[in-house]
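Participant: Can you keep this structure in mind? I'll have questions shortly.
2 protein chains.
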Amino acid sequence: MRVSTSRNGVASERIAGALRDSILRGEHPPGTRIRQEDVAAEFGASRLPVREAFRILEADGLITLVANTGAWVSRLSLAECEEIYQLRERIEPLLLGYSILNLTDDQLTRLEELAIAMQALRDPEEFLRLDREFHLLSYAGATTAILGDTVRRLWNTTQHYRRAYTRLLDPDGNRIVHDEHHMLVAALRLGDTEDAERVLYGHIRRTRLELARHPTLFDP
Amino acid sequence: MRVSTSRNGVASERIAGALRDSILRGEHPPGTRIRQEDVAAEFGASRLPVREAFRILEADGLITLVANTGAWVSRLSLAECEEIYQLRERIEPLLLGYSILNLTDDQLTRLEELAIAMQALRDPEEFLRLDREFHLLSYAGATTAILGDTVRRLWNTTQHYRRAYTRLLDPDGNRIVHDEHHMLVAALRLGDTEDAERVLYGHIRRTRLELARHPTLFDP
DNA sequence: TGGCGCTAGATTGTATCCAACGCGGGTTCG
DNA sequence: CGAACCCGCGTTGGATACAATCTAGCGCCA
Numbered sequence: 001m002r003v004s005t006s007r008n009g010v011a012s013e014r015i016a017g018a019l020r021d022s023i024l025r026g027e028h029p030p031g032t033r034i035r036q037e038d039v040a041a042e043f044g045a046s047r048l049p050v051r052e053a054f055r056i057l058e059a060d061g062l063i064t065l066v067a068n069t070g071a072w073v074s075r076l077s078l079a080e081c082e083e084i085y086q087l088r089e090r091i092e093p094l095l096l097g098y099s100i101l102n103l104t105d106d107q108l109t110r111l112e113e114l115a116i117a118m119q120a121l122r123d124p125e126e127f128l129r130l131d132r133e134f135h136l137l138s139y140a141g142a143t144t145a146i147l148g149d150t151v152r153r154l155w156n157t158t159q160h161y162r163r164a165y166t167r168l169l170d171p172d173g174n175r176i177v178h179d180e181h182h183m184l185v186a187a188l189r190l191g192d193t194e195d196a197e198r199v200l201y202g203h204i205r206r207t208r209l210e211l212a213r214h215p216t217l218f219d220p
Numbered sequence: 001m002r003v004s005t006s007r008n009g010v011a012s013e014r015i016a017g018a019l020r021d022s023i024l025r026g027e028h029p030p031g032t033r034i035r036q037e038d039v040a041a042e043f044g045a046s047r048l049p050v051r052e053a054f055r056i057l058e059a060d061g062l063i064t065l066v067a068n069t070g071a072w073v074s075r076l077s078l079a080e081c082e083e084i085y086q087l088r089e090r091i092e093p094l095l096l097g098y099s100i101l102n103l104t105d106d107q108l109t110r111l112e113e114l115a116i117a118m119q120a121l122r123d124p125e126e127f128l129r130l131d132r133e134f135h136l137l138s139y140a141g142a143t144t145a146i147l148g149d150t151v152r153r154l155w156n157t158t159q160h161y162r163r164a165y166t167r168l169l170d171p172d173g174n175r176i177v178h179d180e181h182h183m184l185v186a187a188l189r190l191g192d193t194e195d196a197e198r199v200l201y202g203h204i205r206r207t208r209l210e211l212a213r214h215p216t217l218f219d220p
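Taken in order, these protein sequences are the chains called P and Z.
First residue of the first sequence? That's 1 in UniProt numbering, and the numbers climb one at a time after it.
First residue of the second sequence? That's 1 in UniProt numbering, and the numbers climb one at a time after it.
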């Protein structure tokens with residue numbers, strides 16, 4: 001999965017990238033209004049590239065545009081979030097299958113490091129970062145374009161709720177998450193596609209069920 | 001699945017919608033360059049809303065933008081098309097599962113009409129239109145937002161290649177397609193989710209394998 | 001007192017104008 | 001004769017200026 005580097009120096013894409021990152025970092029929680037002029041001033045540009053950036057982010061599902069009215073950071077209901085997780089359950093094993101046989105030894109080593117490092121973390125923000133790196137790295141062997149982009153979009157739209165969930169979690173109580181990560185690494189090392197896909201499926205599914213047990217995360 | 005009607009009168013979205021339709025109708029085959037000024041003149045607008053429309057269509061995967069250079073109607077390789085079909089195999093049964101129990105009698109009747117009507121058609125263009133209506137209607141009972149949009153995007157990006165494939169097909173030789181459609185309708189009528197999902201999976205998978213037997217469709 | 005309509009301000013949508021970038025043809029030099 | 005460079009044109013990218021639309025707050029009236 002090719003990580004789309006800031007493809008070119010065009011302002012609208014730079015702005016879209018920076019805005020995306022700041023939303024993913026949680027600097028603008030769902031429901032926050034984003035004004036064109038504010039963003040334009042922040043980046044020293046006119047409102048024109050900002051509008052194009054908004055279109056890009058709308059397509060990413062990160063913001064919601066209403067004509068003649070404005071832009072807001074997208075909000076998910078619990079039902080929508082479950083929908084996305086069910087999508088992920090079915091898609092990500094496929095992507096992993098494309099990736100598994102092309103992972104290098106260095107990447108496998110890094111995956112194992114990440115799985116170990118995550119166990120010791122107490123800061124939810126750090127966990128979120130490493131967990132994202134872990135899973136996206138496990139897809140790095142896939143050369144697919146559409147599939148990879150789709151998965152990354154699903155990760156992005158749910159990032160805020162993953163953060164909220166991680167926050168209220170006991171850092172020591174989610175041992176099963178780490179077990180699953182280690183099982184995944186083991187299967188990847190063996191090149192055991194079937195096992196890797198099944199572990200990943202269960203990992204995502206379990207998270208979906210956990211999320212559903214905390215509906216208040218989705219209250220406005 | 002809610003069909004997104006032209007949400008509002010904003011020029012950029014009207015233009016995007018009209019351009020999308022004309023691409024889906026095959027008026028601009030993959031690889032065709034699309035100039036901002038031409039489109040602006042066609043719609044009696046300035047280039048500004050056209051640029052926003054391009055961003056929308058780029059996110060749809062219908063056109064490909066290159067900074068400072070231009071926009072082209074997106075082209076798919078065989079590998080990418082297979083990727084999309086594998087995605088569809090996994091996603092559309094899920095969407096169908098959301099839909100099946102909410103389909104009305106009228107919708108089921110219409111589905112049966114479509115399945116019958118398609119058998120008699122000799123014009124590939126007509127077949128394409130009805131086949132699309134058939135499948136999207138079978139998802140009409142689903143209230144999901146993200147899932148429905150994702151599926152529609154996958155249909156849109158592959159539309160041209162479905163057309164090309166349909167064209168070189170003997171109208172009488174694809175009897176199995178119609179059998180599958182009828183089996184699907186029967187399962188939907190019974191509310192047999194498992195059977196409906198399996199038939200749909202096989203339908204999409206078989207089409208993928210057929211496409212793979214015609215690699216020349218994807219030559220530039 | 002509560003609901004409705006109106007107006008002023010803010011915010012978004014569009015058009016016109018200028019700058020920057022890429023591509024292609026022609027020329028020149030090895 | 002071929003290849004590299006350079007310049008000019010066409011196309012896209014961006015900024016400013018103006019029009020259209022929405023929201024919020026106020027006053028009026030039942």
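Don't be surprised by glycine CBs; every beta carbon is placed ideally from N, CA and C.
Express the C-alpha separation of Leu128 (chain Z) and Ala115 (chain Z) in angstroms, rounding to a whole number.
Facilitator: Counted from its first residue, the second sequence places residue 115 (chain Z) at position 115. Counted from its first residue, the second sequence places residue 128 (chain Z) at position 128. Each residue's alpha carbon lies about 12 Å from the other.
Participant: Might you give, ordered along the chain, the residues of its own chain that have their beta carbon closer than 8 Å to the beta carbon of Leu121 (chain Z), omitting 5 neighbours on each side?
Facilitator: As a first step, residue 121 (chain Z) is located in the second sequence; it is residue number 121 there, counting from the start. Once the five neighbours on either side are set aside, the close Cβ partners of Leu121 (chain Z) are Phe127, Leu130, Pro171.
Participant: Roughly how many angstroms separate the alpha carbons of Asn156 (chain Z) and Arg90 (chain Z), rounded to a whole number?
Facilitator: Locating residue 156 (chain Z) in the second sequence gives position 156, where the first residue counts as 1. Locating residue 90 (chain Z) in the second sequence gives position 90, where the first residue counts as 1. Using only the alpha carbons, I get a separation of about 17 Å.
Participant: Does DSSP put Val66 (chain Z) in a helix, in a strand, or in coil?
Facilitator: Here the question's residue 66 (chain Z) lines up with position 66 in the second sequence. It is a strand residue.
Participant: Report all residues from its chain with a CB closer than 6 Å to the CB of His178 (chain P); omit the five preceding and five following residues, and keep chain order.
Facilitator: Stepping through the first sequence from its first residue, residue 178 (chain P) is reached at position 178. So the list reads Gln119, once near-sequence residues are dropped.
Participant: State buried or exposed for Val66 (chain P), treating a residue as buried only when at least 16 other CB atoms are found within 10 Å of its CB.
Facilitator: Working through the first sequence from its first residue, we reach residue 66 (chain P) at position 66. Its Cβ having fewer than 16 others within 10 Å, Val66 (chain P) is exposed.
Participant: Interface residues of chain P around Thr158 (chain Z) at Cβ under 8 Å?
Facilitator: In the second sequence, residue 158 (chain Z) corresponds to position 158, counting from 1. In chain order: nothing, as chain P lies at least about 10 Å away.
Participant: Out of P:Leu95, P:Glu180, P:Gly17, P:Gly173, which one is the CA nearest neighbour of Ala145 (chain P)?
Facilitator: Position 145 of the first sequence holds residue 145 (chain P). Checked all of P:Leu95, P:Glu180, P:Gly17, P:Gly173; the closest Cα to Ala145 (chain P) is P:Leu95.
Participant: Helix, strand or coil for Arg33 (chain P), going by three-state DSSP, please let me know.
Facilitator: Reading the first sequence from its first residue, position 33 is the one you call residue 33 (chain P). Here Arg33 (chain P) sits in strand by DSSP.
Participant: According to DSSP, simplified to helix, strand and coil, what is Val10 (chain P)?
Facilitator: Looking up residue 10 (chain P) in the first sequence gives position 10. Coil.
Participant: Give me the Cα-Cα distance between Leu57 (chain P) and Ala11 (chain Z), rounded to the nearest whole angstrom.
Facilitator: If you number the first sequence from 1, residue 57 (chain P) lands on position 57. If you number the second sequence from 1, residue 11 (chain Z) lands on position 11. Cα-Cα distance, rounded: 19 Å.
Participant: Identify whether Ala45 (chain P) lies in helix, strand or coil by the three-state DSSP scheme.
Facilitator: What you label residue 45 (chain P) is simply residue 45 of the first sequence in a count that begins at 1. In the structure shown, Ala45 (chain P) sits in coil (DSSP, three-state: anything other than H, G, I, E or B).
Participant: Can you give, in chain order, each stretch of the alpha helix (DSSP H) that sits fully within the segment 56-118 of chain P and has at least 4 residues?
Facilitator: Here the runs fully enclosed are 78-100.
Participant: Spell out whether any CB of chain P is found under 8 Å from the CB atom of Val199 (chain Z).
Facilitator: Against the second sequence, residue 199 (chain Z) aligns to sequence position 199. Not one chain P Cβ lies under 8 Å of Val199 (chain Z).
Participant: Would Glu126 (chain P) count as contacting chain Z if we go by Cβ distances under 8 Å?
Facilitator: By one-based count along the first sequence, residue 126 (chain P) stands at place 126. With 8 Å as the cut-off, Glu126 (chain P) does not count as an interface residue toward chain Z.
Participant: Would you say Ile84 (chain P) faces chain Z, with C-beta separation under 8 Å as the test?
Facilitator: Here the question's residue 84 (chain P) lines up with position 84 in the first sequence. By this cut-off, Ile84 (chain P) is an interface position.
Participant: Looking at the secondary structure, which residues open and close the alpha helix (DSSP H) in which Ala212 (chain Z) lies?
Facilitator: The residue given as residue 212 (chain Z) occupies position 212 in the second sequence. Ala212 (chain Z) -> alpha helix (DSSP H) spans 193-212.
Participant: Out of Z:Arg88, Z:Val73, Z:Asn102, state which residue places its alpha-carbon closest to the alpha-carbon of Ser138 (chain Z).
Facilitator: In the second sequence, residue 138 (chain Z) corresponds to position 138, counting from 1. Checked all of Z:Arg88, Z:Val73, Z:Asn102; the closest Cα to Ser138 (chain Z) is Z:Asn102.
Participant: Can you look up Glu27 (chain P) in the DSSP assignment and give me helix, strand or coil?
Facilitator: Here the question's residue 27 (chain P) lines up with position 27 in the first sequence. Correct three-state label for Glu27 (chain P): coil.
Participant: With a cut-off of 8 Å, do at least 3 Cβ pairs link the segment 78-92 of chain P to the segment 195-213 of chain P?
Facilitator: In short, these stretches touch, since the Cβ pair count reaches three.
Participant: Kindly indicate which residue of Z:Ser74, Z:Ala186, Z:Ala117 has the alpha-carbon position closest to the one of Pro29 (chain Z).
Facilitator: If you number the second sequence from 1, residue 29 (chain Z) lands on position 29. Cα-wise, what sits closest to Pro29 (chain Z) is Z:Ser74.
Participant: Which residue's Cα is closest to the Cα of Asp60 (chain Z): P:Asp149, P:Leu190, P:Asp192?
Facilitator: Counted from its first residue, the second sequence places residue 60 (chain Z) at position 60. Of the listed residues, the one whose Cα sits closest to Asp60 (chain Z) is P:Asp149.
Participant: Exposed or buried, Leu168 (chain P), counting other C-beta atoms within 10 Å across all chains shown (16 or more means buried)?
Facilitator: Along the first sequence, read from residue 1 onward, the residue named residue 168 (chain P) stands at position 168. It counts as exposed.
Participant: Is the beta carbon of Arg189 (chain P) less than 8 Å from the beta carbon of Leu108 (chain P)?
Facilitator: Translated into positions along the first sequence, residue 189 (chain P) becomes position 189. Translated into positions along the first sequence, residue 108 (chain P) becomes position 108. Yes, they are a contact pair.
Participant: State yes or no: is the beta carbon of Thr144 (chain P) nearer than 8 Å to at least one beta carbon in chain Z?
Facilitator: The count along the first sequence starts at 1 and reaches residue 144 (chain P) at position 144. Yes, Thr144 (chain P) counts as interfacial toward chain Z.
Participant: Measure the C-alpha to C-alpha separation of Arg14 (chain P) and Gln36 (chain P) and round it to an integer number of angstroms.
Facilitator: As a first step, residue 14 (chain P) is located in the first sequence; it is residue number 14 there, counting from the start. As a first step, residue 36 (chain P) is located in the first sequence; it is residue number 36 there, counting from the start. The straight-line gap from Cα to Cα measures roughly 15 Å.
Participant: CB Arg55 (chain Z) to CB Ile204 (chain Z), shorter than 8 Å?
Facilitator: To locate residue 55 (chain Z), count along the second sequence from 1; it is residue 55. To locate residue 204 (chain Z), count along the second sequence from 1; it is residue 204. Cβ atoms of Arg55 (chain Z) and Ile204 (chain Z): not closer than 8 Å.
Participant: Starting from Thr143 (chain P), trace the alpha helix (DSSP H) in both directions and tell me its first and last residue.
Facilitator: As a position in the first sequence, residue 143 (chain P) is number 143, starting the count at 1. Taken as a continuous stretch (DSSP letters only), Thr143 (chain P) belongs to no alpha helix (DSSP H), as it is neither H nor E.
Participant: Distance check for Arg47 (chain Z) and Arg20 (chain P), CA to CA, integer angstroms please.
Facilitator: Residue 20 (chain P) sits at position 20 when you count from the first residue of the first sequence. Residue 47 (chain Z) sits at position 47 when you count from the first residue of the second sequence. Their backbone Cα atoms lie some 26 Å apart in a straight line.
Participant: Thinking C-alpha only, which one of P:Arg51, P:Ser77, P:Leu76 is nearest Asn68 (chain P)?
Facilitator: Here residue 68 (chain P) refers to the residue found at position 68 of the first sequence. The shortest C-alpha separation from Asn68 (chain P) is found at P:Arg51.
Participant: Quick one, are the C-beta atoms of Gly26 (chain P) and Arg163 (chain P) less than 8 Å apart?
Facilitator: Position 26 of the first sequence, counting from 1, holds the residue named residue 26 (chain P). Position 163 of the first sequence, counting from 1, holds the residue named residue 163 (chain P). The answer is yes: Cβ separation under 8 Å.
Participant: Under a three-way DSSP split, which group does Leu128 (chain Z) fall into?
Facilitator: Mapped onto the second sequence, residue 128 (chain Z) falls at position 128. The answer is helix: DSSP assigns Leu128 (chain Z) an H, G or I state.
Participant: Apart from the five residues just before and just after Glu112 (chain Z), which ones in its own chain have a Cβ nearer than 6 Å to its Cβ?
Facilitator: Counted from its first residue, the second sequence places residue 112 (chain Z) at position 112. Cβ within range, chain order: Val185.
Participant: Please list the terminal residues of the continuous alpha helix (DSSP H) segment that includes Leu184 (chain Z).
Facilitator: Position 184 of the second sequence, counting from 1, holds the residue named residue 184 (chain Z). Run containing Leu184 (chain Z): 175-190, per the alpha helix (DSSP H) assignment.
Participant: At the 8 Å Cβ level, is Glu37 (chain Z) part of the contact set with chain P, yes or no?
Facilitator: Along the second sequence, one-based indexing puts residue 37 (chain Z) at 37. So, not an interface residue.
Participant: Under 8 Å between C-beta atoms, does Glu113 (chain P) make it to chain Z?
Facilitator: Position 113 of the first sequence, counted from the start, is the residue given in the question as residue 113 (chain P). It does not: the Cβ of Glu113 (chain P) has no partner Cβ on chain Z nearer than 8 Å.
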